[in-house]
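Participant: Numbering (UniProt numbering), first residue to last: 1 to 306. Glycine included, every Cβ here is placed at the ideal spot set by N, Cα and C. Treat the numbers as computed from the prediction; the structure is a model and nothing was measured. Sharing a structure below in structure tokens format, with a few things to ask.
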Amino acid sequence: MNSAANSQLRRRCGFDLKNKLVKTAMSEKMAQNLLPSANRRALYKRWAEGGWAVLITGGFCEELCPYIEKLALTSLSAIPINLGDNTVANLIPYQAGFQGVEVHAAHGFLLSQLMSPNSNKRDDEFGGSTDKRVELVLRIIRSIRREVPEAFYVGVKMNSADFKDEEDPQMMNTESSLQLSSTRSRSSIREEFFLRTSEEIRCRFPDLELLVTGRFRSRNGVAGALDSNAFDLIGLGRPAVKYPELPNKIMFNEDIRDDEARFDVESAPAAGWLASKVRSVGAGAETKYWVAAMKNLSYTYSSLGE
1 MNSAANSQLR
11 RRCGFDLKNK
21 LVKTAMSEKM
31 AQNLLPSANR
41 RALYKRWAEG
51 GWAVLITGGF
61 CEELCPYIEK
71 LALTSLSAIP
81 INLGDNTVAN
91 LIPYQAGFQG
101 VEVHAAHGFL
111 LSQLMSPNSN
121 KRDDEFGGST
131 DKRVELVLRI
141 IRSIRREVPE
151 AFYVGVKMNS
161 ADFKDEEDPQ
171 MMNTESSLQL
181 SSTRSRSSIR
191 EEFFLRTSEE
201 IRCRFPDLEL
211 LVTGRFRSRN
221 GVAGALDSNA
231 FDLIGLGRPA
241 VKYPELPNKI
251 MFNEDIRDDE
261 ARFDVESAPA
271 AGWLASKVRS
281 VGAGAETKYW
291 VAAMKNLSYT
301 YSSLGE
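Set out below in structure tokens:
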């Protein structure tokens with residue numbers, strides 16, 4: 001059995017991880033009256049007993065307002081406000097006893113829009129070059145770091161696909177191939193793209209700890225990614241829902257051979273013709289399906305006597 005995933009990750013700050021498997025963030029939609037529900041607690045207790053090194057929760061809103069004021073990307077005055085709001089929001093988990101926080105800078109949200117040359121057309125200190133486009137994210141990280149101890153995790157969630165643009169024509173060609181190829185080929189191309197992106201990040205920032213998530217479905221696949229030294233941690237989302245005790249019962253189970261240690265997941269039922277034409281519709285159907293699966297998992301665990 002390959003032991004790469006089952007080895008400790010020793011961190012310079014002294015907060016070590018028992019292995020290299022992370023349950024990544026997923027949208028649970030289990031709040032009741034804006035508060036965590038008993039089912040949500042049952043769900044995370046089930047994962048906590050499954051052998052994961054880290055559990056990343058779904059996102060939360062620090063402030064709910066009936067009249068949402070949209071921050072215009074062209075408005076320079078919005079930047080100090082957003083910096084303060086992000087800092088306050090990310091300090092709440094620390095104050096609540098969490099051991100880390102993940103700043104969401106992916107999937108088209110505001111920070112992702114600022115970092116992408118496709119949406120950021122600013123001509124000030126927050127637009128133009130790559131260094132300027134990531135400036136707000138860096139300021140948020142620094143402002144959080146000033147308020148928390150060194151052992152507190154501060155991560156940034158990014159989507160490498162956001163950077164397949166004119167800055168890297170070769171990667172843009174990869175996207176074209178990805179759209180036209182078969183499912184198996186798409187997975188291979190995606191894995192290759194993640195590997196290349198991480199190797200570039202590793203080269204430029206050797207001290208960063210890198211977590212990659214997406215399409216890992218076997219012990220051998222996880223081991224190969226870790227053995228490449230391109231990643232420090234492997235994140236699993238949907239497999240963690242279908243196999244909540246995946247680390248203990250599959251990855252680290254010596255009774256299961258490497259070639260048999262798999263954790264495949266099914267696709268959500270087809271959302272119809274429109275979903276095949278509009279990606280956001282298909283993504284919405286997938287989210288709804290896995291939210292229901294997490295609720296069922298929490299109900300099952302609660303009924304067994306949480």
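With 16 other CB atoms within 10 Å as the buried threshold, where does Ile-93 fall?
Facilitator: With the sequence shown as reference, residue 93 is identified as Pro, and Ile is not the correct amino acid for it. Buried is the call here.
Participant: In terms of alpha-carbon separation, which member of Arg-139, Gly-155 and Arg-219 lies closest to Ile-256?
Facilitator: Cα-wise, what sits closest to Ile-256 is Arg-219.
Participant: Can you give, in chain order, each stretch of the alpha helix (DSSP H) that sits fully within the stretch 214-274 and has at least 4 residues?
Facilitator: Complete alpha helix (DSSP H) runs here, min 4: 219-227 and 238-242.
Participant: May I ask you to report which of helix, strand or coil DSSP gives Lys-157?
Facilitator: The answer is strand: DSSP assigns Lys-157 an E or B state.
Participant: According to DSSP, simplified to helix, strand and coil, what is Gly-100?
Facilitator: Three-state DSSP puts Gly-100 in a strand.
Participant: In this structure, does DSSP put Leu-34 in helix, strand or coil?
Facilitator: Reduced to three states, the DSSP call for Leu-34 is coil.
Participant: Of the choices Arg-238, Leu-297 and Pro-206, whose alpha-carbon is the least far from that of Met-26?
Facilitator: Measuring from the Cα of Met-26, the nearest candidate turns out to be Arg-238.
Participant: Which residues in the same chain have their Cβ closer than 8 Å to the Cβ of Thr-213, if we skip the five residues on either side of it in sequence?
Facilitator: Hits under 8 Å: Val-22, Thr-24, Ile-234, Gly-235, Leu-236 and Gly-237.
Participant: Would Tyr-153 be called buried (16 or more neighbouring beta carbons within 10 Å of its own) or exposed?
Facilitator: Buried, because 16 or more other Cβ atoms sit within 10 Å of the Cβ of Tyr-153.
Participant: Taking DSSP as the reference, what is the three-state secondary structure of residue 345?
Facilitator: Residue 345 is absent from the model: the chain starts at 1 and stops at 306.
Participant: Considering only the alpha carbon of each residue, which of Gly-51, Ala-4, Gly-155 and Thr-57 lies closest to Met-294?
Facilitator: Checking every option, the nearest Cα to that of Met-294 belongs to Thr-57.
Participant: With 7 Å set as the bound, which would you pick, yes or no: does the beta-carbon of Trp-47 sit closer than that to a beta-carbon of chain C?
Facilitator: The structure shown contains no chain C; it is built from a single protein chain.
Participant: Can you say whether Ser-228 is buried or exposed, counting buried as having 16 or more other CB atoms within 10 angstroms of its CB?
Facilitator: Its Cβ having fewer than 16 others within 10 Å, Ser-228 is exposed.
Participant: Mapping DSSP to helix, strand and coil, what is Leu-210?
Facilitator: Three-state DSSP puts Leu-210 in coil, outside helix and strand.
Participant: Assess, as a yes-or-no matter, whether the stretch 121-132 is touched by the stretch 104-112 under the definition of 3 or more beta carbon pairs within less than 8 Å.
Facilitator: No: fewer than three Cβ pairs fall under 8 Å.
Participant: Can you give me the Cβ contacts of Ala-261 inside the same chain, cut-off strictly under 7 Å, excluding the 5 residues immediately before and after it?
Facilitator: Ser-218, Arg-219, Ile-250 and Met-251.
Participant: Spatial neighbours of Lys-18 within its chain, please: CB distance less than 7 Å, with the 5 preceding and 5 following residues excluded, ordered by chain position.
Facilitator: If we look at Lys-18 and ignore the five residues flanking it on each side, its Cβ neighbours are Gln-8 and Ala-53.
Participant: Looking only at DSSP bridge pairs, what is Val-54 linked to?
Facilitator: Answer by DSSP bridge pairing, in chain order: Val-22.
Participant: Nearest to Ala-225 by alpha carbon, out of Thr-197, Val-241, Leu-246 and Pro-244?
Facilitator: Answer by Cα proximity: Thr-197.
Participant: On the DSSP bridge list, what partners appear for Leu-9?
Facilitator: Bridge partners of Leu-9: Leu-17.
Participant: To which residues of the same chain is Val-137 closer than 6 Å at the C-beta, ignoring the five residues directly before and after it?
Facilitator: Answer for Val-137: Ala-105 and Leu-111, listed in chain order.
Participant: Considering only residues of the stretch 117-151, which uninterrupted alpha helix (DSSP H) runs meet the minimum length of 4 residues and lie entirely inside it, listed in chain order?
Facilitator: DSSP runs (the alpha helix (DSSP H)) wholly in the stretch 117-151: 130-133 and 135-145.
Participant: Which value, in whole angstroms, describes the spacing of the CA atoms of Asp-207 and Ser-37?
Facilitator: Rounded to whole angstroms, Asp-207 to Ser-37 spans 38 Å at the Cα level.
Participant: Can you tell me whether Arg-46 is buried or exposed? The criterion is at least 16 other CB atoms within 10 Å of its CB, across all chains shown.
Facilitator: Buried: at least 16 other Cβ atoms inside 10 Å.
Participant: For the alpha helix (DSSP H) containing Ser-112, name the first residue and the last one.
Facilitator: From DSSP, the alpha helix (DSSP H) with Ser-112 extends over 110-115.
Participant: Could you give the DSSP three-state label for Lys-29: helix, strand or coil?
Facilitator: Of the three classes helix, strand and coil, the one that applies to Lys-29 here is coil, per DSSP.
Participant: Determine the closest residue to Gly-97 out of Pro-149, Asn-296 and Thr-287, with distance taken between C-alpha atoms.
Facilitator: Comparing Cα-Cα distances from Gly-97 to each of Pro-149, Asn-296 and Thr-287, the minimum goes to Pro-149.
Participant: Could you tell me if Gly-84 is buried or exposed, where buried requires 16 or more neighbouring beta carbons within 10 angstroms of its beta carbon?
Facilitator: Counting Cβ neighbours within 10 Å, Gly-84 comes out exposed, since fewer than 16 surround it.
Participant: Which residue wins for smallest C-alpha separation from Ala-151, given the options Phe-231, Ser-298, Asn-296 and Gly-100?
Facilitator: Of the listed residues, the one whose Cα sits closest to Ala-151 is Gly-100.
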